[in-house]
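Engineer: So that we are looking at the same thing, I have put the structure below in structure tokens.
Number of protein chains: 2
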Amino acid sequence: MSRRNEILDRAGELFSTRGFHATSMRDLAEAVGLQGGSLYAHIASKEDLLFEIVNKAADAFLRQAELVPRDLEPEARLRALVRGHLEVIVRELPRAKVFFDEWRFLSQDYQRRIKERRDAYEAYFRETIATGIAQGLFPQQDARLASLFVLSALNWVYQWYHPDGPLGLEALSEQYANLILAALRNARPEPIAAPGSGS
Amino acid sequence: MSRRNEILDRAGELFSTRGFHATSMRDLAEAVGLQGGSLYAHIASKEDLLFEIVNKAADAFLRQAELVPRDLEPEARLRALVRGHLEVIVRELPRAKVFFDEWRFLSQDYQRRIKERRDAYEAYFRETIATGIAQGLFPQQDARLASLFVLSALNWVYQWYHPDGPLGLEALSEQYANLILAALRNARPEPIAAPGSGS
DNA sequence: CCTACCGATCGGTAGG
DNA sequence: CCTACCGATCGGTAGG
Chain A
1 MSRRNEILDR AGELFSTRGF HATSMRDLAE AVGLQGGSLY AHIASKEDLL
51 FEIVNKAADA FLRQAELVPR DLEPEARLRA LVRGHLEVIV RELPRAKVFF
101 DEWRFLSQDY QRRIKERRDA YEAYFRETIA TGIAQGLFPQ QDARLASLFV
151 LSALNWVYQW YHPDGPLGLE ALSEQYANLI LAALRNARPE PIAAPGSGS
Chain B
1 MSRRNEILDR AGELFSTRGF HATSMRDLAE AVGLQGGSLY AHIASKEDLL
51 FEIVNKAADA FLRQAELVPR DLEPEARLRA LVRGHLEVIV RELPRAKVFF
101 DEWRFLSQDY QRRIKERRDA YEAYFRETIA TGIAQGLFPQ QDARLASLFV
151 LSALNWVYQW YHPDGPLGLE ALSEQYANLI LAALRNARPE PIAAPGSGS
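Those protein sequence lines, which keep their order, are chains A and B. Going by UniProt numbering, the first sequence opens with residue 1, and the numbers climb by one from there. Going by UniProt numbering, the second sequence opens with residue 1, and the numbers climb by one from there.
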């Protein structure tokens with residue numbers, strides 16, 4: 001069981017740096033101190049291994065979202081969601097990378113299962129934004145596009161964040177949340193010319 | 001020369017959907033109507049092929065940025081940069097996907113060359129934002145983090161955008177630019193308690 | 001958990 | 001541009 005988790009962790013690191021298809025089971029075996037064939041005493045297949053890693057990342061994201069109190073007002077809720085999302089990326093960077101980059105190499109069935117969880121996760125953001133719009137905190141706008149915007153800004157962080165860089169989780173989360181809330185609060189079209197004011 | 005471009009385009013599509021390492025040269029040969037070995041009459045190696053695709057995407061992004069008039073004010077400049085970026089993604093989705101997802105499988109030397117061009121591209125955004133801050137259009141903030149935020153939101157679009165979906169380039173660009181400008185204009189910490197007003 | 005092995009497939013080349 | 005081939009490596013299994 002401990003061995004199994006060691007394999008999962010190492011695989012997450014290797015898949016995240018070299019990519020799923022460029023990592024051989026022998027690479028992984030060596031990284032964990034086994035012979036190639038011995039891995040199959042612990043895991044069923046390379047693809048199952050990928051699924052477990054991706055699914056663990058989905059666990060982490062969803063757990064954070066579930067932790068956000070239901071009764072928070074939308075802005076505070078969104079702040080907490082942003083903070084939780086970035087925390088998972090910062091804390092579990094290899095797994096998060098695999099989640100974003102390698103999930104597409106899963107078989108259809110596994111992909112469907114991940115997609116369901118990802119959709120459930122996105123709904124936390126979309127519904128929080130929709131509530132904010134309904135309450136008049138944010139101007140009228142497309143909640144779906146707005147949540148895609150927010151999640152886009154958040155997701156890409158795994159591409160450039162360095163855990164030993166100068167930017168800590170706290171500072172990052174606060175500045176990102178500030179930018180996101182500023183966007184949602186003030187996102188409306190440029191001042192529109194008055195009706196009939198010309199071509 | 002036409003054959004060569006056909007190979008490049010097909011390779012871009014295959015690499016973007018299946019991934020570089022999961023696409024075999026025989027897959028590509030079949031897609032283009034050749035035998036496996038015959039590809040090497042047109043290209044030097046699989047990796048060179050990847051580099052050409054990624055580099056073409058870099059061309060497209062940089063060309064758009066260079067087209068933005070230097071004398072525009074920062075907000076209009078940023079709008080044009082946003083629009084240009086999304087245009088490349090929407091117009092050349094497969095190449096853009098390869099650019100973002102597969103460039104890491106290039107050899108060190110090729111990676112360095114791409115990184116240089118990517119850095120030059122990011123500088124357009126960062127410097128435009130920095131100018132906006134210097135002119136007082138945007139409140140004081142970290143221009144580097146702000147440009148990472150903006151490019152994060154923009155880059156991820158290739159993950160969810162469907163060219164035949166309801167959202168056209170114009171509507172997408174305008175709404176994204178609105179959100180981004182709203183974020184930059186209003187990104188400041190929560191109202192801070194007046195100095196000396198408490199613990 | 002290892003040794004030894006399986007068939008399949010890989011990127012690339014020689015020779016025409 | 002094709003045929004035929006190269007050595008290397010792949011994920012996975014049998015048998016212990």
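Think of the CB as a built atom: it goes at the ideal place given N, C-alpha and C, for glycine as much as any other residue. These figures come from a predicted structure and were not determined experimentally.
#1: Which chain B residues sit within Cβ distance under 7 Å of residue 200/A?
#2: For E92/A versus Q64/A, is the C-beta distance shorter than 8 Å?
#3: Between the segment 98-118 of chain A and the segment 164-171 of chain A, are three or more C-beta pairs nearer than 8 Å?
#4: Go ahead and label A123/B buried or exposed: buried means 16 or more other beta carbons lie within 10 angstroms of its beta carbon, across all protein chains shown.
#5: Decide if the segment 14-32 of chain B is in contact with the segment 44-53 of chain B; the criterion is three or more beta carbon pairs, one per stretch, under 8 Å apart.
#6: Taking the C-alpha atoms as reference points, what is the distance between N55/A and Y110/A?
#7: Please report the straight-line C-alpha distance between A57/B and D27/B, rounded to a whole angstrom.
#8: Residues of chain A with CB closer than 9 Å to the CB of Q175/B, please, in chain order.
#9: Tell me, to the nearest whole angstrom, how far the beta carbon of I89/A is from that of V157/A; I am working on the premise that it is less than 8 Å.
#10: Can you tell me which of the three DSSP states E73/B falls into?
#11: Go ahead and pull the three-state DSSP assignment for Q35/B.
#12: Determine the chain B residues that contact V157/A at a beta-carbon separation under 7 Å, and present them in chain order.
#13: Against A182/A, what residues of chain B qualify as contacts under a CB-to-CB distance less than 9 Å, listed in chain order?
#14: Could you tell me which of T128/A, A182/A, L154/A, W103/A sits nearest to N178/B, measuring between CA atoms?
#15: With a threshold of 8 Å between beta-carbons, can L86/B be considered close to chain A, or not?
#16: Label S107/B either buried or exposed according to how many other C-beta atoms from any shown protein chain fall within 10 Å of its C-beta, with 16 as the threshold for buried.
#17: Is there a C-beta anywhere in chain B that falls below 8 Å from the one on L179/A?
#18: Cβ atoms of I180/B and L78/B: under 8 Å apart, would you say?
#19: With a Cβ-Cβ cutoff of 8 Å, do A146/B and I129/B count as a contact?
#20: Are the CB atoms of R188/A and P139/A within a distance shorter than 8 Å?
#21: So with Cβ pairs under 8 Å, would you call D164/A a contact of chain B?
#22: The segment 69-101 of chain B: which residues have C-beta closer than 8 Å to a C-beta of chain A, in chain order?
#23: Find the nearest neighbour of R113/A within the set E73/A, L148/A, D59/A, P74/A, judged by alpha-carbon distance.
#24: Can you list, in chain order, the residues of its chain with a C-beta nearer than 7 Å to that of F125/A? Leave out the 5 residues immediately preceding and following it.
#25: Of the choices Q175/B, A31/B, A22/B, P94/B, whose alpha-carbon is the least far from that of P163/B?
#26: Alpha carbon to alpha carbon, how far is T23/A from A143/B?
#27: Anyone know if the C-beta pair for E75/A and G136/A falls short of 8 Å?
#28: Between the Cα of A31/A and the Cα atoms of A11/A, A120/A, G37/A, F20/A, which residue gives the shortest distance?
#29: Would a check of beta-carbon distances place I192/B closer than 8 Å to chain A?
#30: Using 8 Å for Cβ pairs, my map puts Q35/B next to A29/B. What's the rounded Cβ distance?
#31: What span of residues does the alpha helix (DSSP H) with F51/A cover, start to end?
#32: In the DSSP assignment, the alpha helix (DSSP H) including I133/A goes from what residue to what residue?
Structural biologist: According to the structure shown:
#1: In the structure as shown, chain A starts at 1 and stops at 199, and residue 200/A therefore has no counterpart that could be examined.
#2: For the purposes of this step, residue 92/A is taken as the residue at position 92 of the first sequence. For the purposes of this step, residue 64/A is taken as the residue at position 64 of the first sequence. E92/A places its beta carbon 8 Å or farther from that of Q64/A.
#3: Touching, no.
#4: Working through the second sequence from its first residue, we reach residue 123/B at position 123. That one is exposed.
#5: Output reads yes: the segment 44-53 of chain B touches the segment 14-32 of chain B.
#6: By 1-based counting over the first sequence, the position of residue 55/A is 55. By 1-based counting over the first sequence, the position of residue 110/A is 110. The straight-line gap from Cα to Cα measures roughly 9 Å.
#7: What you label residue 57/B is simply residue 57 of the second sequence in a count that begins at 1. What you label residue 27/B is simply residue 27 of the second sequence in a count that begins at 1. Approximately 22 Å, taken between the alpha carbons.
#8: Translated into positions along the second sequence, residue 175/B becomes position 175. Going along chain A in sequence order, the residues near Q175/B (Cβ under 9 Å) are Q141, D142, L145, A146, F149, A187, P189.
#9: Here residue 89/A refers to the residue found at position 89 when the first sequence is read from its first residue. Here residue 157/A refers to the residue found at position 157 when the first sequence is read from its first residue. Sure, about 5 Å apart at Cβ, within 8 Å.
#10: The sequence position of residue 73/B within the second sequence is 73, counting from 1. Residue state, collapsed to three classes: coil.
#11: Start at 1 with the first residue of the second sequence, and residue 35/B comes out as number 35. Three-state result, Q35/B: coil.
#12: In the first sequence, residue 157/A corresponds to position 157, counting from 1. Ordered by position in chain B, the residues that pass the 7 Å Cβ test against V157/A are S152.
#13: For this step, residue 182/A is matched to residue 182 along the first sequence. By Cβ distance, chain B contributes A182, A183, L184, R185, N186, A187, R188.
#14: Sequence index remark: in the second sequence, residue 178/B carries index 178 (1-based). Cα-wise, what sits closest to N178/B is A182/A.
#15: Looking up residue 86/B in the second sequence gives position 86. It does not: the Cβ of L86/B has no partner Cβ on chain A nearer than 8 Å.
#16: For the purposes of this step, residue 107/B is identified with residue 107 of the second sequence, where counting begins at 1. The residue in question, S107/B, is exposed, as its Cβ has fewer than 16 Cβ neighbours within 10 Å.
#17: Taking the first residue of the first sequence as position 1, residue 179/A is located at position 179. Taking Cβ atoms only, chain B reaches closer than 8 Å to L179/A, which makes this a yes.
#18: Taking the first residue of the second sequence as 1, we reach residue 78/B at position 78. Taking the first residue of the second sequence as 1, we reach residue 180/B at position 180. Their beta carbons are under 8 Å apart, which means L78/B touches I180/B by this criterion.
#19: As a working note, residue 146/B is residue 146 in the second sequence. As a working note, residue 129/B is residue 129 in the second sequence. A146/B places its beta carbon less than 8 Å from that of I129/B.
#20: Along the first sequence, read from residue 1 onward, the residue named residue 139/A stands at position 139. Along the first sequence, read from residue 1 onward, the residue named residue 188/A stands at position 188. Yes, the Cβ-Cβ distance between P139/A and R188/A is below 8 Å.
#21: Taking the first sequence and counting its residues from 1, one reaches residue 164/A at position 164. Cβ-Cβ to chain B under 8 Å: no for D164/A.
#22: If the cut-off is 8 Å between Cβ atoms, the segment 69-101 of chain B has D101 near chain A.
#23: As a first step, residue 113/A is located in the first sequence; it is residue number 113 there, counting from the start. Proximity to R113/A across E73/A, L148/A, D59/A, P74/A peaks at D59/A, based on C-alpha coordinates.
#24: Translated into positions along the first sequence, residue 125/A becomes position 125. These residues qualify, in order along the chain: L81, S147, V150, L151.
#25: Reading the second sequence from its first residue, position 163 is the one you call residue 163/B. Among Q175/B, A31/B, A22/B, P94/B, the Cα nearest to that of P163/B belongs to P94/B.
#26: Along the first sequence, one-based indexing puts residue 23/A at 23. Along the second sequence, one-based indexing puts residue 143/B at 143. So the two alpha carbons sit approximately 37 Å from each other.
#27: Within the first sequence, the letter at position 75 stands for residue 75/A. Within the first sequence, the letter at position 136 stands for residue 136/A. No Cβ-Cβ contact shorter than 8 Å links E75/A with G136/A.
#28: The sequence position of residue 31/A within the first sequence is 31, counting from 1. The option with the nearest alpha carbon to A31/A is A11/A.
#29: As a first step, residue 192/B must be located in the second sequence, where it is residue number 192. The pLDDT assigned to I192/B is 44, lower than 50, so where the model puts this residue is not dependable, and the model offers no usable value.
#30: As a working mapping, residue 35/B is identified with position 35 in the second sequence. As a working mapping, residue 29/B is identified with position 29 in the second sequence. So it is a contact: roughly 6 Å between Cβ atoms.
#31: As a first step, residue 51/A is located in the first sequence; it is residue number 51 there, counting from the start. Where F51/A is concerned, the enclosing alpha helix (DSSP H) stretches over 46-67.
#32: Position 133 of the first sequence, counted from the first residue, corresponds to residue 133/A. Unbroken alpha helix (DSSP H) run through I133/A: 108-134.
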